[in-house]
Amino acid sequence: MVGSSLRSSGARFFSSANLEDLNPVDRVAKIFKDDAVELKEKLLGKRTWSEKKKIFPSHCDVLIVGGGVMGYSTAYWLADRCQGNLRIVLIEKDPTYQKCTSVLSVGGLRQQFSLRENIELSLASADFMRNIKRNLSVDESDPPDISFNPCGYLFLASEKGAHVLQENHALQTSLGAVVELLSPAKLKEKFPFINTDGIELGCHGLENEGWFDPWSLLNAFRRKAIALGVECINGTLKGFGYKAHSQINHLMLPPGQYQHAEKAIIELEDGSERSINFAKLVVAAGCNTGEIGAMLNLGQGQQGILGAPIPIEPRKRFVYVVHCPDAPGLAMPFIIDPSGAYVRREGFGGNYVCGKSPSPEDPEPTCDNMDVDYEFFENEVWPLIAHRVPAFENAKVKNAWAGFYDFNRFDENAFIGLHPAFHNIYVVAGFSGHGIQQSPAVGRAMMELIIDGEFVTIDLKRFGFQRYYDDEPLYESNIV
Numbered sequence: 001m002v003g004s005s006l007r008s009s010g011a012r013f014f015s016s017a018n019l020e021d022l023n024p025v026d027r028v029a030k031i032f033k034d035d036a037v038e039l040k041e042k043l044l045g046k047r048t049w050s051e052k053k054k055i056f057p058s059h060c061d062v063l064i065v066g067g068g069v070m071g072y073s074t075a076y077w078l079a080d081r082c083q084g085n086l087r088i089v090l091i092e093k094d095p096t097y098q099k100c101t102s103v104l105s106v107g108g109l110r111q112q113f114s115l116r117e118n119i120e121l122s123l124a125s126a127d128f129m130r131n132i133k134r135n136l137s138v139d140e141s142d143p144p145d146i147s148f149n150p151c152g153y154l155f156l157a158s159e160k161g162a163h164v165l166q167e168n169h170a171l172q173t174s175l176g177a178v179v180e181l182l183s184p185a186k187l188k189e190k191f192p193f194i195n196t197d198g199i200e201l202g203c204h205g206l207e208n209e210g211w212f213d214p215w216s217l218l219n220a221f222r223r224k225a226i227a228l229g230v231e232c233i234n235g236t237l238k239g240f241g242y243k244a245h246s247q248i249n250h251l252m253l254p255p256g257q258y259q260h261a262e263k264a265i266i267e268l269e270d271g272s273e274r275s276i277n278f279a280k281l282v283v284a285a286g287c288n289t290g291e292i293g294a295m296l297n298l299g300q301g302q303q304g305i306l307g308a309p310i311p312i313e314p315r316k317r318f319v320y321v322v323h324c325p326d327a328p329g330l331a332m333p334f335i336i337d338p339s340g341a342y343v344r345r346e347g348f349g350g351n352y353v354c355g356k357s358p359s360p361e362d363p364e365p366t367c368d369n370m371d372v373d374y375e376f377f378e379n380e381v382w383p384l385i386a387h388r389v390p391a392f393e394n395a396k397v398k399n400a401w402a403g404f405y406d407f408n409r410f411d412e413n414a415f416i417g418l419h420p421a422f423h424n425i426y427v428v429a430g431f432s433g434h435g436i437q438q439s440p441a442v443g444r445a446m447m448e449l450i451i452d453g454e455f456v457t458i459d460l461k462r463f464g465f466q467r468y469y470d471d472e473p474l475y476e477s478n479i480v
């Protein structure tokens, strides 16, 4: 078994009575197990869709597939804008959220990206989170608290990558981000515990960076959306119903081949199937978005635009919690090593969160389970963080979990917009690891696109599907 030799040796691992405090999977499961009814009333309001409506809705204006943070953010913005004049229904297949990408995220917030859109989305989302009590409070309930921890990201670059860091810094500051460039000497002066061997330049965030509790952000959006009238269904999408529209000419389809998706088939928790008609559909299914695309007959052998699948799939990533009382504590920034390894503080008890994405030449972990590869920490993560911060030589793994990126294998950037094969189907997925921090601004952008027909606040046209069909990838250099 992977990691069995490490556990049996006892050299680098020890147990804790409070593992659930650090593991989002255990924390969520424990909450639901202890008192599901109390949680439902506290987080979702006094009534769910079934209690409020009694009857499964036969139709809606907007159907959202996916109850993660992108789905609920979109639902919130639509409901807040339309104030009861739009019927919004959201489908979520796993009410426990034990495998939800949103919940399993590290919860980082940063503005240090290389693309204008990503920088602007994160700046806007930081502002939303700063005012979250005003934005997402619900009457007669405690205001939301996402436990934000301010802490600047520190991106480190070798000589090879220094010019990219400089270019990114110039763009970030031009858009309002407060970040500073640090030479090796300045790095040593500011962070004397960092080994600067092989480092040519650092970029450090001074404002609007840190991390938050993803579970709390998701539930704040969830509770507020339901308070505004969004109806939530626990069920699994099984397929779609179509209506032929031979009179409609689609610019990207042969004449007479356009079929209008107008109905979703849902399997409920009791095994029964129901259908719901929709005017517009939002696919916010995270790493399962590619599967939804297949249900829409995308990439199933047709020619032209219908022949291309949505290139989003799950990619498994591991997060490790280590205990290291000798590490710098509050003085340490959120470090991103040139190798891709990252490490940050977790709380005030000498715990740190760390991880790394596999190198392009390495095989991807299997996605058919939630098992953690402890040998990956021993061989790929620990040597890198211990080299960069020598205090981590004494780190011991305390806990770990696995989660899934909604990975866009085309260019690792999000698709946000109307799918060109349909007049009424929108996709918001493929963020490849940085989605939850951008969810407040992305939800607003989706609302604008659906209601106004265009992006109003932040221009996200480059994140549409056209780049995919034109084979013009839009790469983000600061992927963690």
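For the sequence shown, UniProt numbering begins at 1 and goes up steadily by one. Every residue, glycine too, gets a C-beta built ideally from N, C-alpha and C. Given the structure is predicted, the values throughout are model-derived calculations rather than measurements.
Are P144 and S216 close, meaning C-beta to C-beta below 8 Å? The residue labelled residue 144 in the question sits at position 144 within the sequence shown. The residue labelled residue 216 in the question sits at position 216 within the sequence shown. Yes, the pair counts as a contact, with Cβ atoms nearer than the cut-off.
Counting Cβ pairs closer than 8 Å, one from the stretch 93 to 100 and one from the stretch 452 to 470, do we hit at least three? no
Buried or exposed (CB count within 10 angstroms, at least 16 for buried), A36: Taking the sequence shown and counting its residues from 1, the one referred to as residue 36 is at position 36. Caution is warranted here: a pLDDT of 42 is assigned to A36, below 50, making its placement in the model unreliable, and the coordinate value is therefore given only provisionally. Under the 10 Å beta carbon count, A36 is surrounded by fewer than 16 other beta carbons and is classified as exposed.
E51 versus Y352 - alpha carbon distance: In the sequence shown, the residue the question calls residue 51 occupies position 51. In the sequence shown, the residue the question calls residue 352 occupies position 352. Interpretation of E51 is limited by its pLDDT of 39, a score under 50 that renders its predicted location unreliable; the figure taken from the coordinates is listed afterwards. Going by the C-alpha atoms only, they are around 42 Å apart.
Among the residues of its own chain, which have a CB less than 8 Å from the CB of S137, if the five just before and after it don't count? Walking along the sequence shown from the start, residue 137 turns up at place 137. Contacts found: P143, P144, K224.
Taking the CB atoms as reference points, tell me whether M447 and L78 lie closer together than 8 Å. On the sequence shown, position 447 is the one that residue 447 refers to. On the sequence shown, position 78 is the one that residue 78 refers to. Cβ atoms of M447 and L78: closer than 8 Å.
Would you list, in sequence order, the uninterrupted alpha helix (DSSP H) runs of no fewer than 4 residues that lie entirely inside the stretch 414 to 463? 435 to 452
Exposed or buried, D94, counting other C-beta atoms within 10 Å across all chains shown (16 or more means buried)? What you label residue 94 is simply residue 94 of the sequence shown in a count that begins at 1. It is exposed - the Cβ of D94 has fewer than 16 other Cβ atoms within 10 Å.
Taking the continuous beta strand (DSSP E) assigned at P314, which residues delimit it? Taking the sequence shown and counting its residues from 1, the one referred to as residue 314 is at position 314. Membership of P314 in the beta strand (DSSP E) is indicated by the continuous run 312 to 323.
Going by alpha carbons, who is nearest to Y320 out of V343, L115, I233? As a first step, residue 320 is located in the sequence shown; it is residue number 320 there, counting from the start. It is V343.
On a Cα-Cα basis, can you pick out the residue from T96, V283, I119 that is closest to F422? For the purposes of this step, residue 422 is identified with residue 422 of the sequence shown, where counting begins at 1. Residue V283 is the option with its Cα nearest to F422.
Taking the continuous beta strand (DSSP E) assigned at C203, which residues delimit it? Taking the first residue of the sequence shown as 1, we reach residue 203 at position 203. It spans 201 to 205 - the beta strand (DSSP E) in which C203 sits, taken as one unbroken run.
Look at the alpha carbon of K280 and the alpha carbon of H387, and state the distance between them as a whole number of angstroms. On the sequence shown, position 280 is the one that residue 280 refers to. On the sequence shown, position 387 is the one that residue 387 refers to. Answer to the nearest angstrom: the Cα atoms are 51 Å apart.
Hey, would you say S114 sits closer than 8 Å to S359, going by beta carbons? The count along the sequence shown starts at 1 and reaches residue 114 at position 114. The count along the sequence shown starts at 1 and reaches residue 359 at position 359. Not a contact, by the Cβ cut-off of 8 Å.
Spatial neighbours of Y426 within its chain, please: CB distance less than 8 Å, with the 5 preceding and 5 following residues excluded, ordered by chain position. Counted from its first residue, the sequence shown places residue 426 at position 426. Within the same chain, Y426 has close Cβ partners K280, L281, V282, V283, G417, L418, H419, M446, L449, I450.
Any beta strand (DSSP E) of 3 or more consecutive residues that is wholly inside the stretch 77 to 157: 88 to 92, 153 to 157
For I335, which residues from the same chain have a beta carbon less than 6 Å from its beta carbon, with the 5 sequence-adjacent residues on both sides left out? If you number the sequence shown from 1, residue 335 lands on position 335. Correct list, in chain order: L154, V343.
Do you know how far the Cα of T457 is from the Cα of N135? Within the sequence shown, numbered from 1, the residue matching residue 135 stands at position 135. Within the sequence shown, numbered from 1, the residue matching residue 457 stands at position 457. C-alpha of N135 to C-alpha of T457: approximately 17 Å in a straight line.
Euclidean distance between Cα positions of F399 and A414: Your numbering for residue 399 matches position 399 in the sequence shown. Your numbering for residue 414 matches position 414 in the sequence shown. A quick correction: the sequence has Asn, not Phe, at residue 399. Cα to Cα, N399 sits roughly 30 Å from A414.
Per-residue DSSP class, three states only, for residue 481: There is no way to answer for residue 481, as the model of the chain reaches only from 1 to 480.
Apart from the five residues just before and just after F148, which ones in its own chain have a Cβ nearer than 7 Å to its Cβ? As a position in the sequence shown, residue 148 is number 148, starting the count at 1. Once the five neighbours on either side are set aside, the close Cβ partners of F148 are M129, G210, F212.
Can you tell me whether DSSP reads T236 as helix, strand or coil? Position 236 of the sequence shown, counting from 1, holds the residue named residue 236. Note: T236 maps to strand in three-state DSSP.
What are the start and end residues of the alpha helix (DSSP H) that includes G290? The residue labelled residue 290 in the question sits at position 290 within the sequence shown. 289 to 295 is the span of the alpha helix (DSSP H), which, as asked, contains G290.
Can you look up F56 in the DSSP assignment and give me helix, strand or coil? Here the question's residue 56 lines up with position 56 in the sequence shown. If DSSP states are grouped into helix, strand and coil, F56 belongs with coil.
Give the straight-line distance between the Cα atoms of E269 and I91, rounded to the nearest whole angstrom. Here residue 269 refers to the residue found at position 269 of the sequence shown. Here residue 91 refers to the residue found at position 91 of the sequence shown. A straight-line Cα-Cα distance of about 12 Å links E269 and I91.
Cutting at 6 Å between CB atoms, please list the residues of its own chain near G241, excluding the five before and the five after it. Mapped onto the sequence shown, residue 241 falls at position 241. Counting only Cβ-Cβ distances below 6 Å, and skipping sequence neighbours, we find K263.
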